[in-house]
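Read the structure below first, then the notes.
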Amino acid sequence: MHDLTGFQRDILYVIAGLQEPHGLAVKAELDDYYEQEINHGRLYPNLDDLVEKGLLEKGELDKRTNVYTVTQRGVREIKARREWESQYLEDVNAPTTS
52 MHDLTGFQRD ILYVIAGLQE PHGLAVKAEL DDYYEQEINH GRLYPNLDDL VEKGLLEKGE
112 LDKRTNVYTV TQRGVREIKA RREWESQYLE DVNAPTTS
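Read in order, the letters of the sequence shown are residues 52 to 149 in this note's numbering.
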């Protein structure tokens with residue numbers, strides 16, 4: 052996970068959370084998050100990179116639509132990243148004492 056860009060991590064997280072993660076659904080979620088339109092030329096090469104890295108699998112929903120699923124390796128990487136993040140963020144919601 053350390054070799055992914057933040058955008059690639061965001062893609063991976065979105066796909067892990069969607070019921071039917073096809074390209075346009077992923078794009079719509081990222082458009083909302085980034086508050087701007089994500090160009091297809093940015094999204095699809097990054098999806099392909101995640102497939103090549105073994106973090107996603109790409110299948111066909113129909114002749115025009117690809118569907119993406121997180122691989123077991125991808126799930127392990129997400130869990131490891133969340134554990135790493137939590138060691139630094141555990142106290143974020145703790146009340147502060149002044």
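From the three backbone atoms N, C-alpha and C, an ideal C-beta is built for every residue, glycine too.
Residues that residue i bridges to, as DSSP identifies them
i: T120; result: E108
i: H53; result: The partner list for H53 (beta bridge, DSSP) is empty, contrary to what the question assumes.
i: D99; result: Note: D99 sits in no beta bridge, so no partner.
Straight-line gap, residue i to residue j (C-alpha atoms, nearest Å)
i: H73; j: D100; result: 16 Å
i: G125; j: A67; result: 9 Å
i: L106; j: R127; result: 9 Å
i: R133; j: E141; result: 11 Å
i: V143; j: R115; result: 44 Å
i: A131; j: K104; result: 16 Å
i: Q138; j: E86; result: 29 Å
i: N90; j: Y84; result: 14 Å
i: G92; j: E136; result: 30 Å
i: L94; j: K78; result: 7 Å
8 Å CB neighbourhood of residue i in its chain, flanking five on each side removed
i: A76; result: L69
i: Q59; result: N97, D100, L101
i: G110; result: N117, V118, Y119, T120
i: I129; result: M52, L63, Y64, A67, V121
i: L112; result: E71, H73, V118
i: D61; result: L81, Y84
Neighbourhood of residue i by C-beta distance below 6 Å, restricted to the same chain and skipping five residues each side
i: E80; result: V65
i: E108; result: T120, T122
i: E88; result: D82
Item to complete: Evaluate the contact criterion for the region 54-64 versus the region 84-100: three or more CB pairs, one atom per stretch, below 8 Å.
Response: Segment contact: the region 54-64 against the region 84-100, three or more CB-CB distances shorter than 8 Å; contact assigned.
Worksheet entry | Continuous alpha helix (DSSP H) assignments of at least 4 residues falling wholly in the region 67-94 | 74-85
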